[in-house]
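Trainee: Below is one structure. I have some questions about it.
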Amino acid sequence: MGFMNYLRNRAGVIIVVFIGFAIFAFLLGDVINYGTPFWARHQNQVGSINGESIDINDFNAQVDQTSEMFRQQMGGGTLSPQMKSWAVQQVWGQYLNRELLKNEVERIGLSVGRTELNDLVQGDSPAMQIQQAFRNPQTGQFDRTQLTSFISQVGTLPQGHEAHGQWEALLQNIIDERLSAKYTNLINNSIYVTSLEATEEYNQRNKLANFEYVLLDYSTVADSAVKVTDQDYKEYYNENKGVFKNPEETRNMEFVVFDASPTAQDTARVKASIEDLKAQLAESTTDSLFAAVNADTKYPYIFRKQGEFPPALDTLVFNAPIGTVVGPVRSNGGFEIAKVIETKVGPDSVKASHILLNPATEGGMDKATAKADSIKGLIEKGESFAALAVQFSVDEGSKINGGELGTFGRGQMVPAFENAAFDARNGDVVVATSQFGIHIIKIENQIGSSRVVKAAIVDKQVNSGQETMDAAYGKATQFFGAINSANFQETATQQGLSVLQADNVTAMETMLSGTEVPRELVRWAFEADKGDISDKVYESETKYIVAKLTDVHKKGQLPLEAVKGDIESIVRNRVKAKQLIAQATEAANGATGLAQVGQKLGKTPTLAENIVFANPVIPGVAQENAVVGTVFGLQPKQPSKPIRGSQGVYIVEVTGFVNPAAPTDLSAQKRQITQSLAQRTWSMAFRALQDKADIVDNRARFF
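So, in structure tokens, the structure goes:
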């Protein structure tokens with residue numbers, strides 16, 4: 001009881017102490033987290049937009065889809081790091097668009113109603129995404145019957161079915177696109193062009209100025225003859241501060257590339273290798289296996305029409321007798337040979353449906369084969385193929401359409417499936433086994449007829465040999481071992497190496513000054529400090545790279561020191577301009593015209609004709625905004641004061657203006673300006689929304 005009474009009497013103190021401890025623990029945790037990088041506290045986040053986090057798994061899935069789309073557009077093969085980077089950038093842009101637009105439409109109150117959405121899906125003019133998703137493969141036109149069938153079938157499927165997710169994603173994309181159009185239209189409807197603006201725009205493009213000028217070029221003053229002070233830099237920087245805002249963190253780098261591209265000896269070595277393979281292929285009795293084992297590119301072992309073989313082999317294959325090995329030919333960075341196995345006349349394309357069984361879920365290959373034969377028997381007895389597909393097929397993409405695959409040409413399906421579909425006849429039901437499982441295939445129609453050839457193709461890429469790689473790596477390591485932060489340029493010069501410069505490198509960059517580099521090198525640059533040498537020799541496919549980080553530019557307003565090197569020549573010319581303006585002013589004193597000014601300066605005035613305000617270029621000199629702007633504010637026959645231009649200091653004298661005829665239709669001019677502004681509204685609005693948004697970008701951690 002004594003202890004309990006003690007607790008009761010001290011309860012207030014204990015509670016205060018407990019609360020104080022809790023607050024301390026909270027603050028301590030916050031302090032600990034404060035020193036932890038954001039990405040370390042958000043390990044699975046690619047980034048966030050206005051507080052909405054982006055999960056790496058969701059982001060990766062979309063990158064994979066976009067990459068696959070790029071790969072198909074390029075005709076297959078492996079995507080380059082640059083193409084993968086574009087896919088990442090495109091998906092990131094989609095997230096930005098979606099989130100920034102979502103906040104705006106919610107704030108304004110824009111929406112897509114049920115009736116409007118139904119009209120976008122099933123109305124007289126469906127959304128373009130609907131038309132593309134339900135296109136007849138034969139005609140290339142939107143197939144409303146296919147859409148209606150899909151909607152009726154998806155309605156019978158249970159919630160959580162994959163088809164529901166696909167349909168909902170499509171509907172969401174349609175809604176997003178419609179909201180984007182509404183938002184853009186809302187902005188466009190706020191654009192108004194006055195008659196005064198239209199008239200001014202017309203005159204700027206059509207009023208002509210003819211004038212003479214005397215130019216004192218900056219190059220006539222030696223760099224050594226002027227002294228550029230810190231104050232000169234500050235003046236220019238302060239006048240142009242808005243230019244020096246960094247939209248995202250960047251790096252400046254110097255780097256040396258050691259090229260390990262294939263040499264003539266490497267090419268000769270690979271050619272000798274393919275000649276040896278040609279002799280072996282001619283003797284081979286297992287041609288498809290030989291090609292699969294020895295080829296760098298695993299070409300499908302299928303029949304092809306003329307024009308579908310690799311270009312360098314195509315004509316050779318179709319003109320060669322069966323059993324002949326043609327080539328080697330140079331193609332796609334390597335050498336190719338092909339053995340003609342079989343030739344026949346076959347269909348160009350096939351319309352088919354299929355039911356796919358998964359042996360793993362059917363109890364093994366034997367049971368799956370037996371089940372496929374049973375289903376085939378039911379179909380041949382008149383059972384509905386579509387109904388059996390919905391019941392048994394594991395191919396979610398086609399089963400909702402009754403197993404329909406549409407019409408496909410040669411080379412679009414896996415070899416086992418293609419051979420079965422093209423070797424059968426109209427109306428046949430056949431069973432085939434591929435890497436995806438067991439297919440029951442119904443041939444709906446076979447279209448066209450052409451001579452086709454089956455050939456075993458073997459190719460060998462010309463790659464750098466070990467000797468070539470070792471030589472380049474040896475030079476790289478020799479340079480790497482000799483350099484430090486202070487002697488990078490000097491050592492490169494001593495070893496006869498060129499130092500390349502890459503400025504304003506972003507965190508997601510894959511190219512430095514036109515050179516493709518590994519992503520690891522860029523990631524190193526964003527973790528290093530100014531002056532650091534790369535922690536190792538970085539390797540790409542045919543290059544070794546050693547780099548030095550020369551500058552770090554944080555996001556936001558750049559300090560003067562960060563841009564001093566970039567503006568040095570401009571500031572120096574401004575100092576020269578002061579000397580030249582003084583010289584020109586003295587020459588203009590007492591002169592009655594430009595000819596006298598030119599005489600004092602030892603210059604003959606030059607005539608510039610038919611210059612318009614909207615295109616302020618002096619022919620043969622440069623774009624001179626200040627000079628041309630001054631011209632259109634002068635009266636004829638009156639020399640100007642000295643003008644500081646981009647190329648030098650000018651004195652100009654207008655000889656005359658040619659005024660255009662008054663516009664006959666000012667409304668047309670207004671429409672033209674309005675359309676021009678409307679084309680830029682979304683990009684300008686998007687930039688404004690992006691500047692205001694709270695965006696965290698962690699992509700460089702993952703890609």
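Counting in the UniProt record's numbering, the sequence shown runs from 1 upward without gaps. Glycine included, C-beta positions come from ideal geometry on N, C-alpha and C.
1. So, at 7 Å on beta carbons, what are the nonlocal neighbours of residue 404 in its own chain, with the 5 sequence-adjacent residues on each side left out?
2. Excluding five sequence neighbours on each side, which residues of the same chain lie with their C-beta closer than 8 Å to the C-beta of residue 191?
3. Does the Cβ-Cβ distance between residue 277 and residue 294 come in under 7 Å?
4. So does the stretch 635-650 actually touch the stretch 232-243, counting three or more Cβ pairs closer than 8 Å?
5. Do the CB positions of residue 343 and residue 453 come within less than 7 Å of each other?
6. What ranges does the alpha helix (DSSP H) occupy inside the stretch 283-317, keeping only unbroken runs of at least 4 residues that lie completely in it?
7. Curious, which full-length alpha helix (DSSP H) runs of at least 4 residues does the stretch 389-428 contain?
8. According to the neighbour-count rule (16 or more other Cβ atoms, all chains shown, within 10 Å of its Cβ), is residue 243 buried or exposed?
9. Could you have a look at residue 117 and say whether DSSP puts it in helix, strand or coil?
10. Does DSSP put residue 498 in a helix, a strand or coil?
11. Should the stretch 347-367 be regarded as contacting the stretch 403-417, the criterion being three or more beta carbon pairs within less than 8 Å?
12. Applying the 10 Å Cβ sphere with the 16-neighbour rule, what's the burial state of residue 456?
13. Which runs of the alpha helix (DSSP H) spanning at least 4 residues fall entirely within the stretch 146-218, listed in chain order?
14. For residue 538, which residues does DSSP report across the bridge?
15. Identify the residues that DSSP records as bridge partners of residue 676: which are they?
16. Can you name, in chain order, every residue of its own chain whose Cβ lies under 8 Å from the Cβ of residue 595, other than the five neighbours on each side?
17. If you run the structure through DSSP and keep just helix, strand and coil, what is residue 613?
18. Taking only the alpha-carbon atoms, compute the straight-line gap between residue 65 and residue 170 and give it to the nearest angstrom.
19. Beta-carbon of residue 183 versus every beta-carbon of chain C: anything under 7 Å?
20. Relative to the C-alpha of residue 555, which candidate in 697, 570, 584 and 194 has its C-alpha closest?
21. The alpha helix (DSSP H) spanning residue 708 covers which residue range?
22. Given that a residue counts as buried once 16 or more other Cβ atoms are within 10 Å of its Cβ, and exposed if not, what is residue 257?
23. Where does residue 129 sit, in a helix, a strand or coil, going by DSSP?
24. Residue 516 by DSSP, collapsed to three states: which one?
25. Pick out whichever of 179, 174, 394 and 164 has its Cα sitting closest to the Cα of residue 102.
26. Between the Cα of residue 515 and the Cα atoms of 627, 168 and 259, which residue gives the shortest distance?
27. Among the residues of its own chain, which have a CB less than 8 Å from the CB of residue 248, if the five just before and after it don't count?
28. Name the residue from 148, 131, 661 and 702 whose alpha carbon lies nearest to the alpha carbon of residue 519.
29. Buried or exposed for residue 195, please, with buried defined as at least 16 other CB atoms from any protein chain shown within 10 angstroms of its CB.
30. Return helix, strand or coil for residue 505, following the three-state DSSP convention.
31. Need the endpoints of the alpha helix (DSSP H) that residue 371 sits in, please.
32. Let me know if residue 425 comes out buried or exposed under the rule of 16 or more other beta-carbons within 10 Å of its beta-carbon.
33. Helix, strand or coil, according to DSSP, for residue 259 in the structure here?
34. Check each candidate in 133, 330, 530 and 106 and name the one with the smallest Cα separation from residue 311.
35. By Cβ distance, which residues of its chain are closer than 6 Å to residue 528, with the 5 residues on each side in sequence left out?
36. Measuring alpha carbon to alpha carbon, tell me which of 590, 503, 547 and 611 ends up nearest residue 566.
Mentor: Working from what's here:
1. Excluding residues up to 5 positions away in sequence, 353 and 398 lie with their Cβ nearer than 7 Å to the Cβ of residue 404 in the same chain.
2. Excluding positions up to five away in sequence, the list reads 674, 677, 678 and 681.
3. Result yes, Cβ atoms of residue 277 and residue 294 sit closer than 7 Å.
4. They do not touch, by the three-pair rule.
5. Pairing residue 343 with residue 453 gives a Cβ-Cβ distance under 7 Å.
6. If we require 4 residues or more, the alpha helix (DSSP H) runs fully inside the stretch 283-317 come out as 287-294.
7. Whole alpha helix (DSSP H) segments, 4+ residues: 396-399 and 415-423.
8. That one is exposed.
9. DSSP places residue 117 in helix when its eight states are reduced to three.
10. If DSSP states are grouped into helix, strand and coil, residue 498 belongs with coil.
11. Counting C-beta pairs closer than 8 Å gives three or more between the stretch 347-367 and the stretch 403-417, which meets the contact rule.
12. Looking at its Cβ environment, which holds 16 or more other Cβ atoms inside 10 Å, residue 456 is buried.
13. Runs found: 162-188 and 195-206.
14. In DSSP, residue 538 forms a bridge with 545.
15. By DSSP's assignment, residue 676 forms no beta bridge with any residue.
16. Within its own chain, the residues whose Cβ lies closer than 8 Å to the Cβ of residue 595, once the five positions on either side in sequence are excluded, are 605, listed in chain order.
17. Shown here, residue 613 sits in coil according to DSSP, grouped into three states, outside any helix or strand.
18. Going by C-alpha positions, residue 65 is about 15 Å away from residue 170.
19. Chain labels in this structure do not include chain C; a single protein chain is all it has.
20. Comparing Cα-Cα distances from residue 555 to each of 697, 570, 584 and 194, the minimum goes to 697.
21. Because the chain here runs from 1 to 703, residue 708 falls outside it and cannot be looked at.
22. The residue is buried, with at least 16 neighbouring Cβ atoms inside 10 Å.
23. Looking at residue 129 - three-state DSSP - the assignment turns out to be helix.
24. In the structure shown, residue 516 sits in a strand (DSSP, three-state: E or B).
25. Nearest C-alpha to residue 102: 179.
26. Looking at the Cα atoms, 259 is the closest of the given residues.
27. If we look at residue 248 and ignore the five residues flanking it on each side, its Cβ neighbours are 506, 507, 555 and 697.
28. Proximity to residue 519 across 148, 131, 661 and 702 peaks at 702, based on C-alpha coordinates.
29. Burial state of residue 195 is exposed, judged by a 10 Å Cβ sphere holding fewer than 16 other Cβ atoms.
30. Here residue 505 sits in strand by DSSP.
31. Taken as a continuous stretch (DSSP letters only), the alpha helix (DSSP H) holding residue 371 covers 365-380.
32. The residue in question, residue 425, is exposed, as its Cβ has fewer than 16 Cβ neighbours within 10 Å.
33. Three-state result, residue 259: strand.
34. Among 133, 330, 530 and 106, the Cα nearest to that of residue 311 belongs to 330.
35. Only 549 meet the Cβ criterion.
36. With respect to the C-alpha of residue 566, the residue from 590, 503, 547 and 611 having the closest C-alpha is 503.
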